[in-house]
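For the protein sequence lines, the chains are A and B, in the order given. For the first sequence, position 178 matches number 178 in the working numbering, and the numbering has no gaps at all. Count along the second sequence starting at 1, add 250, and that's the number in the working numbering. Below is one structure; the comments refer to it alone.
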Amino acid sequence: MLEARGIHKSYGPKVVLRGVDLTVAKAEVLTILGPNGCGKSTFLRCLNLLEQYQQGSVFLKGEQVSEGRPEDHNPSKDEQTRAQRLRQRVGMVFQRFNLFPHMTVMQNVMCGPKHVLKKSDAESADIAEKTLKKVGLWEKSPCDPLTLSGGQQQRVAIARALAMNPDVMLFDEATSALDPVLTKEVFKVVRDLASEGMTMLLVTHDMDFARDIADRVVFMEGGIVAAQGSPNYIFDERPTDGIRKFLEKS
Amino acid sequence: MWKYLVDDIKIIDLIYAARWPLYLTAAAMPLAVAFGLILALMRMSRIRILSWPATCYIELMRGTPLFVQLYLVYYSLPEIAGIFGPDAKQFMTLEAFPAAVLCLAANYAAYEAEIHRAGLLAVDKGQREAALSIGMSEWQAFYRVTLPQAFRIVLPPIINDAIAMQKDSCLTSAIGVKELLSYATSRGNNNEIGKPKMYLAAGVLYTILSLAFYFLGKFIERKLKARGGAELNLNQARH
């Protein structure tokens, strides 16, 4: 489904990604772990081109969707449109939710279908209703997003991303801003999505979450994939020193 | 005390003349806000051909007194244009009122540009990222997500500046615009009331006009239910 080959990314002299290779199969759930600064969030953001990487390529469903570009490169109109189209197929959920505060919950979720996919108001409302019901927040649809709890806001954010019907969902530390109770709420939604066959990549610091949900765990260190395998392989066998040190601390 | 102020029909004329600061501000302020937004976007651009002229304009307009700029536009500009021939000079010779509006707008645009820039930068970066992540273009993200939020942030400072512009409008009497201050002066000269009374009345009228803007600002703020925006403050001195 999604394939990243040889992703290199630097910020000036600082090299963050040193050649990351990763393949994700359809309906597979991957969790990406690693110490702070290992590049896992950066890598995720390269996948939907919120960050531009310098070398490498990304393929979605076998078709190349982006390539490396020099740091000071200004994307052309065509490149921007291409990136836009990529992001319509790859949804993202952020650590700080990033709901639009000047719109209601309903308007937040309708935003994508209405303004990006240019669907009619009725159709967009229908999609919004379905996705909000899926995350269990339909009764909150006329509310101001800032009146919701963190867990509720994150579920609305998930609904907003789902409304675009993406092929892949990316979760960038989606529960890091939530306490354990609220994390459970979000976790339930993610688990439902997984059982429905959504392809997902989750960057997380929550070890229980990571272990429970993943089909495969990826451990990143120093800008590359140090090890990957089943949750048992990574969490129990602890194949590398880095993993051992990392898991001992948490 | 009231008899001292109100016993003359000329005071009522003065109240009617108080529409001029309002006219000048109503004409110049929207221009200043619109042009200021364009300047702010130019200044924030990565393209140097856009950012450099914008920065120069902003620093120049903020760095010279409005009073001087009024004289320059009204008196010096036609002469400078005259270098390019009599037609250019004719084109650049403006009547007092349009020259005043142009000058007020051009000067205040520099200040509004900085307010817009601060407002745009104050919107959380994550907002743009979230908008992009659902497939919006940069323009859509700006127009539908960033700008509406920036608007709520910049509204109180802009109302503050509208109040300031209204007070600054009295400077335009220097180039012959018939507005409240010049009216007070001329009427004060020509009759037995005298300038002291007229100027006192004019001062009161300017205050009432400022209060009107203050209440307008409060009304708009309430309507928008602005969150985390700056408080409207009459005492913010600028010049």
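Backbone N, C-alpha and C define an ideal beta-carbon position, used for all residues, glycine too.
Euclidean distance between Cα positions of residue i and residue j
i, j, result
"Glu-481 of chain B", "Arg-402 of chain B", "Note on Glu-481 of chain B: pLDDT 41, under 50, position unreliable in the model; the coordinate value appears next. Near 12 Å, if we compare the C-alpha coordinates of Arg-402 of chain B and Glu-481 of chain B."
"Ala-25 of chain A", "Gly-19 of chain A", "20 Å"
"Ala-355 of chain B", "Val-404 of chain B", "17 Å"
"Asp-121 of chain A", "Gln-52 of chain A", "34 Å"
"Gly-91 of chain A", "Leu-382 of chain B", "10 Å"
"Leu-22 of chain A", "Gly-369 of chain B", "40 Å"
"Gln-399 of chain B", "His-102 of chain A", "7 Å"
"Arg-488 of chain B", "Glu-329 of chain B", "Any reading at Arg-488 of chain B must be qualified, since the residue scores a pLDDT of 46, below 50, and its modelled position is unreliable; no value is offered."
"Thr-305 of chain B", "Ile-265 of chain B", "40 Å"
"Arg-298 of chain B", "Tyr-361 of chain B", "21 Å"
"Arg-82 of chain A", "Val-65 of chain A", "8 Å"
"Ser-57 of chain A", "Val-29 of chain A", "21 Å"
"Leu-50 of chain A", "Met-386 of chain B", "12 Å"
"Pro-406 of chain B", "Phe-392 of chain B", "21 Å"
"Gly-453 of chain B", "Phe-285 of chain B", "30 Å"
"Arg-244 of chain A", "Asn-36 of chain A", "15 Å"
"Lys-119 of chain A", "Arg-45 of chain A", "27 Å"
"Gln-390 of chain B", "Gln-80 of chain A", "12 Å"
"Leu-310 of chain B", "Tyr-464 of chain B", "29 Å"
"Ser-76 of chain A", "Gln-54 of chain A", "16 Å"
"Asn-485 of chain B", "Ile-365 of chain B", "The pLDDT assigned to Asn-485 of chain B is 43, lower than 50, so where the model puts this residue is not dependable; a value taken from the coordinates is nonetheless given after this. Rounded to the nearest angstrom, the two C-alpha atoms are 18 Å apart."
"Gln-95 of chain A", "Ser-176 of chain A", "6 Å"
"Trp-252 of chain A", "Phe-219 of chain A", "Since the displayed chain A opens at 1 and closes at 250, residue 252 of chain A lies outside it and no answer follows."
"Pro-239 of chain A", "Ser-141 of chain A", "47 Å"
Chain B within 9 Å of residue i, Cβ atoms only
i, result
"Leu-2 of chain A", "no"
"Cys-143 of chain A", "no"
"Gly-112 of chain A", "yes"
"Arg-82 of chain A", "no"
"Gln-55 of chain A", "no"
"Val-189 of chain A", "no"
"Ala-163 of chain A", "yes"
"Pro-253 of chain A", "Here chain A covers residues 1 to 250 and nothing more, so residue 253 of chain A does not appear."
"His-115 of chain A", "yes"
"Arg-160 of chain A", "yes"
"Met-92 of chain A", "yes"
"Lys-47 of chain A", "The sequence given here places Leu at residue 47 of chain A; Lys does not occur at that position. Not closer than 9 Å to any Cβ of chain B, the Cβ of Leu-47 of chain A fails to qualify, so no."
Span of the alpha helix (DSSP H), counted from its first residue to its last, around residue i
i, result
"Phe-317 of chain B", "316-321"
"Tyr-464 of chain B", "445-474"
"Val-209 of chain A", "Note on identity: in this sequence residue 209 of chain A is Phe, with Val being the wrong assignment. Note, Phe-209 of chain A: alpha helix (DSSP H), 207-213."
"Glu-129 of chain A", "121-134"
"Lys-188 of chain A", "180-195"
"Ser-419 of chain B", "Neither: Ser-419 of chain B is in no alpha helix (DSSP H) and is coded neither H nor E."
"Leu-148 of chain A", "Leu-148 of chain A -> no alpha helix (DSSP H), and no H or E assigned at all."
"Glu-248 of chain A", "241-249"
C-beta neighbour in chain A for residue i, strict 9 Å
i, result
"Ile-404 of chain B", "Sequence check: residue 404 of chain B is Val here, not Ile. No, Val-404 of chain B does not count as interfacial toward chain A."
"Ser-295 of chain B", "no"
"Asp-374 of chain B", "yes"
"Leu-382 of chain B", "yes"
"Met-386 of chain B", "yes"
"Glu-471 of chain B", "no"
"Arg-394 of chain B", "yes"
Segment limits, beta strand (DSSP E) that includes residue i
i, result
"Gln-228 of chain A", "224-229"
"Thr-199 of chain A", "199-203"
"Val-93 of chain A", "90-93"
"Lys-9 of chain A", "2-11"
"Val-168 of chain A", "168-172"
"Met-220 of chain A", "216-221"
"Val-65 of chain A", "63-67"
Inspect the CB distances between the stretch 56-65 of chain A and the stretch 336-343 of chain B and report whether three or more fall short of 8 Å. Flag = no, the stretch 56-65 of chain A and the stretch 336-343 of chain B do not touch.
Counting pairs of Cβ atoms below 8 Å between the stretch 263-274 of chain B and the stretch 410-420 of chain B, do you hit three or more? When Cβ pairs closer than 8 Å are counted between the two stretches, the stretch 263-274 of chain B is seen to touch the stretch 410-420 of chain B, the count reaching three or more.
Is it the case that the stretch 146-153 of chain A contacts the stretch 36-49 of chain A, given that we only count it when at least three CB pairs across the two stretches are under 8 Å? Not touching, per the Cβ criterion.
Mind listing, in chain order, the continuous beta strand (DSSP E) runs of no fewer than 3 residues lying wholly within the stretch 291-365 of chain B? The beta strand (DSSP E) runs of length 3 or more contained entirely in the stretch 291-365 of chain B do not exist; there are none.
Starting from the N-terminal side, write out each stretch of the beta strand (DSSP E) that is 3 residues or longer and does not extend beyond the stretch 21-54 of chain A. With a minimum length of 3 residues, the unbroken runs of beta strand (DSSP E) contained wholly in the stretch 21-54 of chain A fall at 29-33.
Closer than 8 Å is the cut-off here; do at least three beta carbon pairs connect the stretch 184-192 of chain A with the stretch 203-217 of chain A? Result yes; three or more Cβ-Cβ pairs closer than 8 Å.
Quick check: the stretch 157-172 of chain A against the stretch 130-139 of chain A, are there 3 or more CB pairs under 8 Å? The answer is yes - the stretch 130-139 of chain A touches the stretch 157-172 of chain A, with three or more Cβ pairs under 8 Å.
Spell out a yes or no on whether the stretch 160-176 of chain A and the stretch 74-94 of chain A are touching, meaning 3 or more CB-CB pairs, one atom from each, closer than 8 Å. Contact holds between the stretch 160-176 of chain A and the stretch 74-94 of chain A, because three or more Cβ pairs, one in each stretch, are under 8 Å apart.
Below 8 Å, how does it come out for the stretch 271-290 of chain B and the stretch 407-415 of chain B: are there three or more Cβ pairs, yes or no? Judged by Cβ distances under 8 Å, the stretch 271-290 of chain B makes contact with the stretch 407-415 of chain B, as three or more pairs qualify.
Is there contact between the stretch 373-380 of chain B and the stretch 317-325 of chain B, where contact requires at least three CB pairs shorter than 8 Å? No, the stretch 373-380 of chain B is not in contact with the stretch 317-325 of chain B.
Would you call the stretch 189-198 of chain A in contact with the stretch 3-18 of chain A, where contact means no fewer than 3 C-beta pairs closer than 8 Å? Under the 8 Å Cβ criterion, the stretch 189-198 of chain A does not count as touching the stretch 3-18 of chain A, having fewer than three qualifying pairs.
Runs of alpha helix (DSSP H) wholly within the stretch 373-422 of chain B (minimum 4 residues, chain order): Here the runs fully enclosed are 375-383, 397-418.
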